[in-house]
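Here is the structure we will look at.
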Amino acid sequence: MPLSSFRSFCLGRGAAALLCAAVALPTSALQGTPVPLVTAAEATALPAPYARWQSSMEAFAAADKTGLPQTGGVLFVGSSTIRLWTDLREDFRQLPVVINRGFGGSTMADCQYFVKNLVLQYQPRHVMVYAGDNDLAEGRSPQQVLESFQSFVRSVREALPETRISYISIKPSPLRLTLLPRMREANTLLAQYVRTVPNSDFIDIFTPMLGADGIPRAELFGADHLHMNDAGYDLWRTVISGYVGEGARAAGGARTADPVVDGVAKAGTRP
């Protein structure tokens with residue numbers, strides 16, 4: 005897929021660290037034994053900012069009891085954009101194991117806090133992360149989004165040093181038009197950071213979701229002007245497909261996705 009240079013994405017773009025640090029794993033986690041989720045006692049003791057996700061974590065735990073996904077898969081984690089990707093497994097059916105751990109309304113800070121539940125216990129070979137726009141909507145700064153992601157990366161790399169990490173850029177949306185400058189700033193900070201991290205990717209989904217006028221393309225969104233419709237997910241599938249699979253993994257190194265020129269990755273009709 006023809007792409008323009010990453011430099012063009014950064015052109016013109018221009019709290020504190022999370023209280024929760026990386027969760028240490030027992031040695032067994034590195035030897036192929038899944039790491040258990042938080043206990044019931046731990047769940048009831050969740051700090052106030054994270055207690056709202058208790059039911060989501062319990063739902064994931066219940067699903068795992070039915071059938072724990074195999075290790076070595078590709079795991080998608082993040083906010084409602086991931087949760088609502090109902091065709092995720094079908095869209096990436098070439099992959100033997102695809103895990104969806106999206107929980108609606110979550111932030112990058114939430115993903116870091118629950119990294120043990122959401123990522124580490126599954127021991128994936130590749131993690132796709134989409135989070136950050138809710139952080140900005142709640143008033144966090146682009147720098148805070150970066151710090152949350154950096155903490156997330158440290159947690160994953162400490163426990164799973166060979167796992168590839170791909171950050172999907174914050175997407176623009178008509179509903180959050182006023183946040184576009186902060187989204188650009190956050191995406192630039194995150195892209196610059198990812199360039200320093202081995203075995204990682206920054207996937208620019210921001211650029212192809214803008215029209216020639218620089219405004220989010222309304223045809224990619226549903227009635228709420230925030231969440232994507234099928235056309236939006238078609239575009240995501242097209243862009244992200246180049247970053248999954250054995251070929252992408254073998255590329256190694258840190259990569260940043262050059263922006264997709266509008267018109268190249270057009271949304272199609274979902275099967």
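Here the numbering used here = 1-based position in the sequence shown + 4.
Think of the CB as a built atom: it goes at the ideal place given N, C-alpha and C, for glycine as much as any other residue.
According to the DSSP assignment, residue 205 belongs to the beta strand (DSSP E) that extends over 204-207. DSSP places residue 78 inside the beta strand (DSSP E), whose first and last residues are 78-82. Of 202, 222, 217, 193, the smallest CA-CA separation from residue 208 is found for 193.
With contacts defined by Cβ atoms closer than 8 Å, residue 196 and residue 152 do not form a contacting pair.
The beta-carbon separation of residue 105 and residue 81, rounded to 5 Å, stays under the 8 Å limit for a contact.
When DSSP states are grouped into helix, strand and coil, residue 220 belongs to the strand group. Around the CB of residue 148, 16 or more other CB atoms lie within 10 Å, so the residue is classed as buried. Linking residue 235 to residue 63 through their CA atoms gives a straight-line distance of about 29 Å. Between residue 83 and residue 74, the alpha-carbon positions lie close to 23 Å from each other. By the 16-neighbour rule on beta-carbons within 10 angstroms, residue 87 is buried. Within the region 157-243, the complete alpha helix (DSSP H) segments of 4 residues or longer fall at 184-198, listed in chain order.
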